[in-house]
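Residues in the sequence shown are numbered from 317 upward in steps of one, following the numbering used here. Where a beta carbon is used, it is the ideal one built from N, C-alpha and C, also for glycine.
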Amino acid sequence: MKPSAFEYHRPTTPEEAAELLAEFGDDAKVIAGGQSLMPMLNFRLAVFEHLIDIGRLTDLTGINHDSGSVAIGAITNQATVGRSALIRTSVPLLSRATPLIGHFPIRNRGTLGGSVAHADAAAEYPAVALTLDAEIETLSSAGRRTLPAAEFFIGMWTTALRDDEILTKVTFPIREGRSGFSIAEFSRRKGDFAMAGACVAVKVDNDLRVESCSIGLFGLGSMPIRATSAERSLVGCSIDELQVRDVAHAAVSGLESVPADLHGSAAYRVRVGATMVARALKSALEEATDD
317 MKPSAFEYHR
327 PTTPEEAAEL
337 LAEFGDDAKV
347 IAGGQSLMPM
357 LNFRLAVFEH
367 LIDIGRLTDL
377 TGINHDSGSV
387 AIGAITNQAT
397 VGRSALIRTS
407 VPLLSRATPL
417 IGHFPIRNRG
427 TLGGSVAHAD
437 AAAEYPAVAL
447 TLDAEIETLS
457 SAGRRTLPAA
467 EFFIGMWTTA
477 LRDDEILTKV
487 TFPIREGRSG
497 FSIAEFSRRK
507 GDFAMAGACV
517 AVKVDNDLRV
527 ESCSIGLFGL
537 GSMPIRATSA
547 ERSLVGCSID
557 ELQVRDVAHA
567 AVSGLESVPA
577 DLHGSAAYRV
587 RVGATMVARA
597 LKSALEEATD
607 D
(Lines of atoms letter the chains of each structure in order from A; the text may use other names.)
(Lines give C-alpha, C1' and ligand atoms only; values in the text may rest on other atoms or scores of the structure.)
Protein backbone atom coordinates (compact mmCIF):
# COMPACT_ATOMS: atom_id res chain seq x y z
CA MET A 317 0.00 0.00 0.00
CA LYS A 318 1.06 3.58 -0.60
CA PRO A 319 -0.20 6.82 0.96
CA SER A 320 -2.18 9.29 -1.09
CA ALA A 321 -0.22 12.20 -2.53
CA PHE A 322 0.86 14.91 -0.11
CA GLU A 323 3.11 17.95 -0.02
CA TYR A 324 6.19 17.53 2.14
CA HIS A 325 7.50 20.31 4.40
CA ARG A 326 10.67 20.27 6.49
CA PRO A 327 10.76 23.33 8.78
CA THR A 328 14.05 24.41 10.35
CA THR A 329 12.61 25.60 13.69
CA PRO A 330 9.70 24.58 15.95
CA GLU A 331 8.19 28.02 15.40
CA GLU A 332 8.19 27.49 11.63
CA ALA A 333 6.50 24.12 12.11
CA ALA A 334 3.79 25.78 14.20
CA GLU A 335 3.29 28.45 11.55
CA LEU A 336 2.85 25.79 8.87
CA LEU A 337 0.24 24.04 10.99
CA ALA A 338 -1.60 27.30 11.46
CA GLU A 339 -1.47 27.92 7.71
CA PHE A 340 -2.72 24.52 6.54
CA GLY A 341 -5.02 23.63 9.45
CA ASP A 342 -6.83 20.28 9.25
CA ASP A 343 -5.10 19.45 5.97
CA ALA A 344 -1.70 19.14 7.72
CA LYS A 345 -0.14 16.56 10.02
CA VAL A 346 3.12 16.56 11.93
CA ILE A 347 5.46 13.60 11.47
CA ALA A 348 8.62 12.74 13.41
CA GLY A 349 9.51 9.04 13.73
CA GLY A 350 6.42 8.00 11.77
CA GLN A 351 6.04 4.61 13.47
CA SER A 352 2.33 5.17 14.09
CA LEU A 353 1.47 7.64 11.35
CA MET A 354 3.05 5.93 8.33
CA PRO A 355 1.09 2.66 8.64
CA MET A 356 -2.11 4.70 8.89
CA LEU A 357 -1.14 6.69 5.78
CA ASN A 358 -0.08 3.60 3.86
CA PHE A 359 -3.40 1.87 4.54
CA ARG A 360 -5.17 5.18 3.86
CA LEU A 361 -6.79 5.14 7.26
CA ALA A 362 -5.68 8.76 7.37
CA VAL A 363 -5.20 11.23 4.52
CA PHE A 364 -3.45 14.63 4.71
CA GLU A 365 -2.49 17.05 1.99
CA HIS A 366 0.55 18.31 3.89
CA LEU A 367 3.09 16.47 6.05
CA ILE A 368 5.28 18.62 8.29
CA ASP A 369 8.47 16.76 9.19
CA ILE A 370 9.89 17.84 12.57
CA GLY A 371 12.21 14.85 12.84
CA ARG A 372 15.39 16.91 12.43
CA LEU A 373 14.59 19.79 14.76
CA THR A 374 17.41 19.57 17.28
CA ASP A 375 15.58 22.02 19.56
CA LEU A 376 13.11 19.22 20.28
CA THR A 377 15.67 16.58 21.31
CA GLY A 378 17.51 15.84 24.51
CA ILE A 379 17.04 14.74 28.12
CA ASN A 380 17.67 17.33 30.80
CA HIS A 381 17.56 17.38 34.60
CA ASP A 382 16.09 20.57 36.05
CA SER A 383 15.10 21.26 39.67
CA GLY A 384 13.31 18.08 40.66
CA SER A 385 12.19 16.99 37.21
CA VAL A 386 13.44 15.49 33.97
CA ALA A 387 12.44 17.15 30.70
CA ILE A 388 12.55 15.15 27.47
CA GLY A 389 12.36 16.72 24.03
CA ALA A 390 9.43 15.49 21.97
CA ILE A 391 11.44 13.93 19.14
CA THR A 392 13.89 12.13 21.42
CA ASN A 393 13.66 8.56 20.18
CA GLN A 394 12.57 5.75 22.44
CA ALA A 395 15.89 3.90 22.19
CA THR A 396 17.66 6.97 23.57
CA VAL A 397 15.20 7.12 26.46
CA GLY A 398 15.84 3.44 27.16
CA ARG A 399 19.63 3.92 27.24
CA SER A 400 19.61 7.02 29.42
CA ALA A 401 21.27 6.62 32.83
CA LEU A 402 19.46 9.77 34.00
CA ILE A 403 16.08 8.29 33.11
CA ARG A 404 17.01 4.96 34.69
CA THR A 405 17.80 6.57 38.06
CA SER A 406 15.39 9.53 38.09
CA VAL A 407 12.32 8.25 36.20
CA PRO A 408 12.69 4.46 36.51
CA LEU A 409 9.12 3.71 35.46
CA LEU A 410 9.74 5.31 32.08
CA SER A 411 12.98 3.38 31.70
CA ARG A 412 11.29 0.07 32.52
CA ALA A 413 8.42 0.73 30.14
CA THR A 414 10.66 1.37 27.14
CA PRO A 415 11.77 -2.23 26.37
CA LEU A 416 8.11 -3.24 26.20
CA ILE A 417 7.46 -0.96 23.22
CA GLY A 418 7.39 -2.92 19.95
CA HIS A 419 10.83 -4.04 18.82
CA PHE A 420 14.22 -2.33 18.66
CA PRO A 421 13.84 -0.97 15.10
CA ILE A 422 10.57 0.66 16.16
CA ARG A 423 12.13 2.15 19.30
CA ASN A 424 15.06 3.40 17.25
CA ARG A 425 12.70 5.52 15.11
CA GLY A 426 9.67 6.07 17.32
CA THR A 427 9.73 9.15 19.54
CA LEU A 428 8.52 9.82 23.05
CA GLY A 429 6.46 12.81 21.95
CA GLY A 430 5.00 10.91 19.03
CA SER A 431 3.76 8.14 21.29
CA VAL A 432 2.25 10.58 23.78
CA ALA A 433 0.61 12.66 21.04
CA HIS A 434 -0.75 9.57 19.24
CA ALA A 435 -2.37 8.55 22.54
CA ASP A 436 -2.98 4.90 21.80
CA ALA A 437 -4.93 3.50 24.73
CA ALA A 438 -2.76 0.36 24.79
CA ALA A 439 0.60 2.15 24.57
CA GLU A 440 3.07 2.34 27.44
CA TYR A 441 4.32 5.95 27.32
CA PRO A 442 0.91 7.66 27.60
CA ALA A 443 0.12 5.46 30.63
CA VAL A 444 3.48 6.27 32.24
CA ALA A 445 2.96 9.99 31.64
CA LEU A 446 -0.48 9.80 33.26
CA THR A 447 0.73 7.71 36.21
CA LEU A 448 3.64 10.04 36.99
CA ASP A 449 1.65 13.28 36.57
CA ALA A 450 3.85 14.43 33.70
CA GLU A 451 3.43 17.84 32.11
CA ILE A 452 3.15 18.23 28.34
CA GLU A 453 4.41 21.40 26.69
CA THR A 454 3.01 22.53 23.35
CA LEU A 455 3.79 25.28 20.86
CA SER A 456 1.55 27.12 18.42
CA SER A 457 1.84 30.35 16.48
CA ALA A 458 0.12 31.98 19.49
CA GLY A 459 2.80 30.79 21.94
CA ARG A 460 3.48 27.97 24.39
CA ARG A 461 1.29 26.29 26.96
CA THR A 462 1.70 23.45 29.45
CA LEU A 463 -0.91 20.79 30.19
CA PRO A 464 -0.97 18.16 32.95
CA ALA A 465 -1.21 14.64 31.60
CA ALA A 466 -4.54 14.22 33.40
CA GLU A 467 -6.02 16.86 31.08
CA PHE A 468 -4.12 15.89 27.95
CA PHE A 469 -5.70 12.52 27.12
CA ILE A 470 -9.39 12.92 26.33
CA GLY A 471 -10.48 9.95 24.18
CA MET A 472 -9.62 7.33 21.58
CA TRP A 473 -6.47 8.60 19.83
CA THR A 474 -7.58 12.03 20.96
CA THR A 475 -5.75 14.61 23.06
CA ALA A 476 -6.11 18.25 24.05
CA LEU A 477 -3.47 19.10 21.43
CA ARG A 478 -4.96 21.74 19.15
CA ASP A 479 -4.80 21.52 15.37
CA ASP A 480 -2.23 24.32 15.24
CA GLU A 481 0.00 22.96 18.04
CA ILE A 482 3.02 20.71 18.14
CA LEU A 483 4.11 18.79 21.21
CA THR A 484 7.57 20.06 22.19
CA LYS A 485 8.47 18.53 25.54
CA VAL A 486 7.31 16.13 28.25
CA THR A 487 8.46 16.77 31.83
CA PHE A 488 8.41 14.05 34.48
CA PRO A 489 8.69 14.90 38.20
CA ILE A 490 11.36 13.04 40.15
CA ARG A 491 9.84 11.11 43.04
CA GLU A 492 12.20 10.85 45.98
CA GLY A 493 12.09 9.08 49.32
CA ARG A 494 11.17 5.43 49.79
CA SER A 495 9.56 4.92 46.39
CA GLY A 496 8.89 1.94 44.17
CA PHE A 497 7.92 1.71 40.51
CA SER A 498 6.72 -1.12 38.31
CA ILE A 499 4.95 -1.83 35.03
CA ALA A 500 3.28 -5.10 34.05
CA GLU A 501 1.49 -5.95 30.83
CA PHE A 502 0.14 -8.91 28.92
CA SER A 503 0.28 -9.23 25.14
CA ARG A 504 -0.25 -12.17 22.81
CA ARG A 505 3.27 -11.87 21.39
CA LYS A 506 6.35 -9.98 22.47
CA GLY A 507 6.21 -6.52 20.93
CA ASP A 508 2.43 -6.47 20.41
CA PHE A 509 0.30 -3.79 21.99
CA ALA A 510 -0.82 -4.84 25.45
CA MET A 511 -4.22 -6.42 25.92
CA ALA A 512 -4.06 -5.06 29.46
CA GLY A 513 -1.39 -3.40 31.54
CA ALA A 514 -0.72 -1.42 34.68
CA CYS A 515 1.83 1.12 35.89
CA VAL A 516 2.36 1.70 39.61
CA ALA A 517 4.31 4.35 41.51
CA VAL A 518 4.19 4.11 45.30
CA LYS A 519 5.87 5.89 48.21
CA VAL A 520 5.97 4.68 51.81
CA ASP A 521 6.86 6.48 55.03
CA ASN A 522 9.25 5.40 57.79
CA ASP A 523 6.48 3.42 59.47
CA LEU A 524 5.97 1.42 56.25
CA ARG A 525 2.61 2.98 55.52
CA VAL A 526 1.62 4.05 52.03
CA GLU A 527 2.19 7.79 51.73
CA SER A 528 1.10 8.10 48.10
CA CYS A 529 0.21 5.79 45.23
CA SER A 530 -0.51 6.17 41.52
CA ILE A 531 -2.01 3.38 39.41
CA GLY A 532 -2.30 3.80 35.66
CA LEU A 533 -4.17 1.36 33.43
CA PHE A 534 -3.70 0.82 29.70
CA GLY A 535 -5.42 -1.38 27.16
CA LEU A 536 -8.57 -1.25 29.27
CA GLY A 537 -10.43 1.70 27.79
CA SER A 538 -10.44 4.33 25.09
CA MET A 539 -7.45 6.07 26.70
CA PRO A 540 -5.04 5.54 29.60
CA ILE A 541 -6.86 5.61 32.93
CA ARG A 542 -5.96 6.42 36.53
CA ALA A 543 -7.47 4.11 39.15
CA THR A 544 -8.04 7.02 41.53
CA SER A 545 -10.44 5.27 43.90
CA ALA A 546 -8.03 2.38 44.46
CA GLU A 547 -5.16 4.86 44.89
CA ARG A 548 -7.00 6.72 47.65
CA SER A 549 -7.87 3.50 49.45
CA LEU A 550 -4.17 2.68 49.78
CA VAL A 551 -3.05 5.92 51.42
CA GLY A 552 -2.30 5.34 55.11
CA CYS A 553 -2.41 1.56 54.84
CA SER A 554 0.29 -0.49 56.51
CA ILE A 555 2.28 -2.61 54.07
CA ASP A 556 1.79 -5.66 56.30
CA GLU A 557 -1.99 -5.31 56.28
CA LEU A 558 -2.43 -4.41 52.63
CA GLN A 559 -4.35 -6.92 50.51
CA VAL A 560 -2.85 -6.58 47.04
CA ARG A 561 -5.47 -8.64 45.22
CA ASP A 562 -8.32 -6.64 46.75
CA VAL A 563 -6.71 -3.41 45.61
CA ALA A 564 -6.14 -4.88 42.15
CA HIS A 565 -9.79 -5.84 41.75
CA ALA A 566 -10.87 -2.42 43.01
CA ALA A 567 -8.61 -0.77 40.42
CA VAL A 568 -10.43 -2.39 37.49
CA SER A 569 -13.96 -2.39 38.88
CA GLY A 570 -16.47 -0.19 37.12
CA LEU A 571 -14.35 0.34 34.00
CA GLU A 572 -16.29 1.56 30.98
CA SER A 573 -15.59 1.05 27.27
CA VAL A 574 -13.27 -1.92 27.83
CA PRO A 575 -12.37 -3.16 24.34
CA ALA A 576 -13.39 -6.57 23.07
CA ASP A 577 -12.11 -8.25 19.91
CA LEU A 578 -10.95 -11.60 18.55
CA HIS A 579 -8.07 -11.58 21.07
CA GLY A 580 -10.33 -11.46 24.11
CA SER A 581 -13.62 -10.32 25.56
CA ALA A 582 -13.99 -7.27 27.77
CA ALA A 583 -14.46 -9.48 30.82
CA TYR A 584 -11.26 -11.36 30.01
CA ARG A 585 -9.29 -8.13 29.67
CA VAL A 586 -10.59 -6.93 33.03
CA ARG A 587 -9.43 -10.15 34.70
CA VAL A 588 -6.04 -9.84 33.06
CA GLY A 589 -5.91 -6.19 34.06
CA ALA A 590 -6.48 -7.06 37.71
CA THR A 591 -3.61 -9.53 37.55
CA MET A 592 -1.34 -6.91 36.01
CA VAL A 593 -2.22 -4.40 38.74
CA ALA A 594 -1.48 -6.99 41.42
CA ARG A 595 1.89 -7.85 39.90
CA ALA A 596 2.93 -4.23 39.44
CA LEU A 597 1.75 -3.17 42.89
CA LYS A 598 3.52 -6.08 44.61
CA SER A 599 6.76 -5.32 42.78
CA ALA A 600 6.56 -1.57 43.48
CA LEU A 601 5.91 -2.15 47.20
CA GLU A 602 8.85 -4.55 47.41
CA GLU A 603 11.12 -1.95 45.85
CA ALA A 604 9.84 0.82 48.14
CA THR A 605 10.49 -1.26 51.25
CA ASP A 606 13.80 -2.77 50.15
CA ASP A 607 16.49 -1.67 52.59
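Within 10 angstroms of the Cβ of residue i, are there 16 or more other Cβ atoms? Answer buried if so, exposed if not.
i    : result
D480 : buried
T544 : exposed
K318 : exposed
L416 : buried
N393 : buried
R504 : exposed
I498 : For the record, residue 498 in the displayed sequence is Ser; it is not Ile. It counts as buried.
A598 : Note that residue 598 corresponds to Lys in the displayed sequence, not to Ala. Buried is the call here.
P327 : buried
A324 : For the sequence presented, residue 324 should be read as Tyr rather than Ala. Classification for Y324: exposed.
S400 : buried
S573 : exposed
K519 : buried
T462 : exposed
T374 : exposed
F420 : exposed
A321 : exposed
Which of helix, strand or coil does DSSP assign to residue i?
i    : result
L483 : strand
D577 : strand
I379 : strand
L455 : strand
G471 : strand
S352 : coil
G418 : coil
S411 : helix
T405 : helix
A435 : coil
Between which two residues does the beta strand (DSSP E) harbouring residue i extend?
i    : result
K506 : It is not in any beta strand (DSSP E) - K506 carries neither H nor E in the DSSP assignment.
D369 : H366 to D369
G537 : Counting along the chain, G537 falls outside any beta strand (DSSP E), and DSSP gives it neither H nor E.
G426 : Neither: G426 is in no beta strand (DSSP E) and is coded neither H nor E.
F653 : As displayed, the chain neither begins before 317 nor continues past 607, which places residue 653 out of reach and without an answer.
S385 : S385 to G389
I need the boundaries of the alpha helix (DSSP H) containing residue i, first residue and last residue.
i    : result
A395 : Q394 to R399
E440 : E440 to T447
A514 : That residue, A514, is in no alpha helix (DSSP H); its beta strand (DSSP E) goes A512 to V520.
K598 : A582 to A604
A333 : P330 to F340
A476 : Where A476 is concerned, there is no enclosing alpha helix (DSSP H), given that its DSSP letter is neither H nor E.
Measure the beta-carbon distance from residue i to residue j and round it to whole angstroms, keeping in mind my assumption that it falls under 8 Å.
i    : j    : result
I490 : S406 : 5 Å
R423 : A395 : 5 Å
A465 : Y441 : With a Cβ gap of about 10 Å, A465 and Y441 do not count as contacting.
S530 : E547 : 6 Å
V486 : L428 : 6 Å
I482 : A333 : 5 Å
A590 : A582 : In fact, because the Cβ distance is near 13 Å, the residues do not count as touching under 8 Å.
Does the beta carbon of residue i come closer than 9 Å to any beta carbon on chain D?
i    : result
R460 : The chain inventory of the structure shown lacks chain D, comprising one protein chain alone.
### Query
Per the contact definition of three or more C-beta pairs closer than 8 Å, is the stretch 527-535 in contact with the stretch 496-515?
yes
### Query
When the Cβ atoms of the stretch 457-472 are set against those of the stretch 374-390, are three or more pairs found closer than 8 Å?
no
### Query
Given 8 Å as the limit, is there contact between the stretch 366-373 and the stretch 337-351, that is, 3 or more CB pairs closer than that?
yes
### Query
Does the stretch 589-604 touch the stretch 483-500, meaning 3 or more C-beta pairs lie closer than 8 Å?
yes
### Task
Kindly confirm or deny that the stretch 557-565 and the stretch 446-460 touch, where touching means at least three C-beta pairs closer than 8 Å.
no
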